[in-house]
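Protein chains in written order, with the working numbering: chain A, 1 to 334; chain B, 1001 to 1334; chain C, 2001 to 2334; chain D, 3001 to 3334. Don't be surprised by glycine CBs; every beta carbon is placed ideally from N, CA and C. Nothing here was measured: the structure is a model prediction, and the numbers come from that model.
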């Protein structure tokens, strides 16, 4: 057991830039509103006054060619590079799989891209990349040879990990979308994968919305990943529990987020709390700002109560009592 | 359009007595703790000091033989009979259907039972019964002749409605459980059914947890049922959106309950706000008390903001802004 | 009751052209493969040799300017226009609602577009249009004034219906996507809406995949819509029950499709059986061809058994027996 | 990689006795029909003529006192003991947890019970027990200290494993029910748990219905568990993908079962294929018999096609083609 109560870790907030990128979907591929240039996205994020860093996506938002310029934007904005997303999900050549594509050339290209991402991350002064294996899955029964696919996935990750060990590699799990089934689907599978890869700098990105989709209890997944020393990065967002809606934090769920923040503090998580939001039709500034405020309010609440009192409360082992105690304070009834 | 802003309706709170009845399930049919006698259940409910009424179930909690005694308990407790549940779901003879059983004798018995329930309700001074057609559905494809079943369901309800018109008949919809599929599955189907029955005293019981299961927006269902003048009764409880967990209100969801309470006020609903909770393993008193407090806090919040300001907020048509405005106040950030 | 056993209706098969249009999604907006020109899509559909008609979408696949040319393609291919899709979901101006947008100019444009669609449909010799109100919904609680929205939706449909009555108007329901919640969400809500519109040529498009999403029993929804004389059009596709995967028919589900085809025959449905498939990564020809073959096989099976025997089987009211009887024959065990 | 094509393993079929036990649920705790005595359940199972073994549950169906008698019934029936279920889910003292109860006396009793089950299994000549940690989970956020709970779960299993190593211990995962959230929720979590326990005779029971609930691809989970040498036992049943409906195999899903059987053969699984069905309202004999026939038909189909051809088919990596090839043969179209 490696989890223990630690001294309060510094808390840093970040956000991905999707809210200002003009998101679209299957029905409106042109996007719900025009996207802003990357430099402007960074300025908007910085302008909110609550963020310490941002996530940048390679190659959509930064490439080897634009790294110097993006780095300057970051310095000008006062924001750190929280993490570099190295996308191998959003390019047509990876549409039938990236690390697990049957075509070895495609697999090589995917590995190569992530290695380039590692280097760009280093160049930008970052210390972690993340990626989502969204096309590495299947749609139909009997469409994939799982033995091949899992073997290639592990090999690819080992090759990526061997490229350099000074940057953390964070794997983001999610049950589905864009694939109807994604191999790296939930916290348990993620633990199995990173254990199989067997490199200390390959860990897991925990996304609260993906955990809701996977029917997980947020606090339990935080605990299990941290206990295995694999909780490397955290994304916050909300949804209806069924699909990756990427909504404002606290717009749907209440107590599950209190549990999530409590366990992040309990396991001594000292990484970033980053937002992965897709406000297709909403004011992007409000969506980001309100999400941070909500998490901060929950964090403060737990501090007010105190970690020892929280632990005592949980050990009463009664959900109605836990709800009452937190809710009374959160809603200002006492 | 019959919905309009009305003068504030009086708000009355009630609860079903299941929390004190020793609930069990498929795996623990004996129950998670012993149930209390009915008189004691009523005393416990009254003792909380926040309820104006209770729901009593016929025949599990009251029969023709015990009606006088139960009536006395109610008067002694100072609680009103909010509604009488007339169960045709929990008896072996109705296991393959009650109003829609293929055996006409079973259908007759089901109708007869509900009529008896109407009379007991009247005797107890009540003005509404409700029932849940939980066995009137199917488990497998090609198991039911829907033409027969829907015909019998409508006929049975018409016969029940003809028995007496001075008591409201409230039909509770839910997508599934105990049946894998229940005919009366959601708000739209409920509107179709009560329109087909065509009696002004046959309406709908809206249960927030069942609405989550049916993927409804709570406020929209409240509006649609009220607009059709069929919103007769309301149950509050919470769940994870997938199954009828009957949990403490506000333990999982936040803003959906704010929307529900807003629309209950908006449509001028002047009936009961009753709890349908199954705290299998939790303190029943805390579960009920905390649920009422949560709803009351939301109600007060909306009053503080004011109905006009709420309407303006909604008409901004931006979910991030709506979340911010409500959340800031609810969580005491402003 | 208007449903009765009718003489066998002629069966006609059709497909939407999406399989050849290069579908994309949120993660791969550029599309998983290049789309073909519309004329080529039609030729590919015709080349399969199993289709009697196709669905064409206005304005993505045909406009007033190209109507003559598309009409010629159809005649050359020997395919009928099964139905014209008049999209008011896939344009940025409708991203926050079409018939229910708060901006009256947007609502007028949406109505105007559908009217133009009606005229193009007539020009092409079609007799029905369909549309999906995918942006007419909401994402967040307290984002929409449901009273305004439902009022506008009904008014808009009445205005559209008044434009001409010689063409059927088919409304497609679905619980969500692109909106997290769509107003026209399931069969019950659809019945409520078309009843509120009150025009005999405004009915419902039943999509098997959307019915799975809405947790409906396919046969029951077919029956309810047909009984109300509103079953105007049918889409077939398969999914995992959770999201609109638009997969090959019979790839996931078995007996639910047998039930659906049985009830289409039972209610004497004489419209089209059309496919709405999105084979993002699969061979589009195989996806369409195999789906039609599956439906045809189920249809033949029911004919072999006979409608009277099927009715007797269903009235045994035992899902295990129904499964056995159909499965034994379908899988060739007897 | 330890998975490889093996020589065809002998196939043995079994069933749990629930179909003849008079199952009940939350709404009808008395049961949908009377249960038969255990001896009669065994005779009914044997009478079907398709089973090689049965599962017996301790203490509900056999105890130390009745072990001799039950053993005689088994010998008389010609059925083997496929596996002994050692229930620590269905007794009131375990209602708030068995291996993870906060009360150490309850945890000790749970461990002690499973040890007794191991001995009874040995006495009956069995070689594996299974159990389901259905109460070891939670209902509410902040109700459980996950660090304590996971620690106790692992310790308890290690203590059980130490009792004797000649009998396999199979752990059954499921996302929820009776708990709203079960710790041992899916295949990935199960791998994590058995790896943490670290005993070669502690493995996993794979239940097809639970895998559907957990949004798994059946074949992938079979592969992952087998690759880790932890696929110890298999339960078949069907459902709608949302809840543990325990329905007749093949009544809802088609191709997912073909995939499951293919991968069981591919990984050389030589254990039992057992049924876990709850035909609440259906003929129990038909439910069991039809489920076995369905699996056998799928098995035969794969043999007809041949494992090499199947592998080639899968490596085409196109779900529409896979569906076509299997479906054409399965439905007798070719």
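Taking only the alpha-carbon atoms, compute the straight-line gap between residue i and residue j and give it to the nearest angstrom.
i	j	result
residue 2326/C	residue 1144/B	15 Å
residue 3087/D	residue 1095/B	27 Å
residue 1191/B	residue 1221/B	10 Å
residue 315/A	residue 3176/D	22 Å
residue 3124/D	residue 3067/D	7 Å
residue 1180/B	residue 3020/D	20 Å
residue 1251/B	residue 23/A	32 Å
residue 1114/B	residue 3317/D	58 Å
residue 3014/D	residue 3139/D	33 Å
residue 17/A	residue 277/A	8 Å
Who are the neighbours of residue i on chain C, taking C-beta pairs under 8 Å?
i	result
residue 1314/B	2142, 2143, 2144 and 2145
residue 1013/B	Residues of chain C passing the Cβ test: none, with the nearest at roughly 22 Å.
residue 3286/D	2318, 2320, 2321 and 2324
Assuming the contact rule is C-beta atoms closer than 8 Å, residue i and residue j should be a hit. Round their C-beta distance to whole Å, please.
i	j	result
residue 331/A	residue 1330/B	6 Å
residue 3236/D	residue 3275/D	5 Å
residue 169/A	residue 161/A	6 Å
residue 1321/B	residue 283/A	6 Å
residue 2031/C	residue 2057/C	Not confirmed; about 16 Å, so no contact.
What do you reckon, are the CB atoms on residue i and residue j nearer than 8 Å?
i	j	result
residue 1205/B	residue 1171/B	yes
residue 3082/D	residue 3042/D	no
residue 52/A	residue 12/A	yes
residue 1142/B	residue 2258/C	yes
residue 1230/B	residue 1194/B	yes
residue 2199/C	residue 2227/C	no
residue 2187/C	residue 2133/C	no
residue 3242/D	residue 1174/B	no
residue 1209/B	residue 1234/B	no
residue 1121/B	residue 1154/B	no
According to DSSP, is residue i part of a helix, a strand, or is it coil?
i	result
residue 2266/C	helix
residue 1210/B	helix
residue 3085/D	strand
residue 2299/C	helix
residue 2278/C	coil
residue 13/A	strand
residue 55/A	strand
residue 3252/D	coil
residue 2006/C	The predicted model places residue 2006/C with a pLDDT of 48, which falls under 50 and marks its position as unreliable; any figure quoted below should be read in that light. Reduced to three states, the DSSP call for residue 2006/C is coil.
residue 2068/C	helix
Below 9 Å on C-beta distance, what does residue i contact in chain A?
i	result
residue 2243/C	176, 177, 180, 242 and 243
Strictly below 7 Å CB to CB, what residues from chain C border residue i?
i	result
residue 1364/B	A query on residue 1364/B cannot be resolved here, the shown segment of chain B reaching from 1001 to 1334 and no further.
residue 3283/D	2318, 2320 and 2321
residue 90/A	2027 and 2028
residue 96/A	2281
List, in order along the chain, the chain B residues whose C-beta lies closer than 9 Å to that of residue i?
i	result
residue 3041/D	Under the 9 Å cutoff, chain B gives no residues; its nearest Cβ is about 17 Å from residue 3041/D.
Note down, in chain order, every chain A residue with its Cβ under 8 Å from the Cβ of residue i.
i	result
residue 2251/C	140 and 141
residue 3262/D	142
I want to verify the contact list: residues of chain D whose CB lies under 9 Å from the CB of residue i, in sequence order.
i	result
residue 1247/B	3139, 3140 and 3180
Along chain B, which residues have their Cβ under 7 Å away from the Cβ of residue i?
i	result
residue 256/A	1252
Check the Cβ of residue i against every Cβ in chain A and list those closer than 7 Å, keeping chain order.
i	result
residue 1332/B	332
Could you work out which residues of chain D lie near residue i, taking near to mean beta carbons separated by less than 7 Å?
i	result
residue 189/A	3188
Which chain C residues sit within Cβ distance under 9 Å of residue i?
i	result
residue 3327/D	2248, 2250, 2251, 2290, 2293, 2294 and 2297
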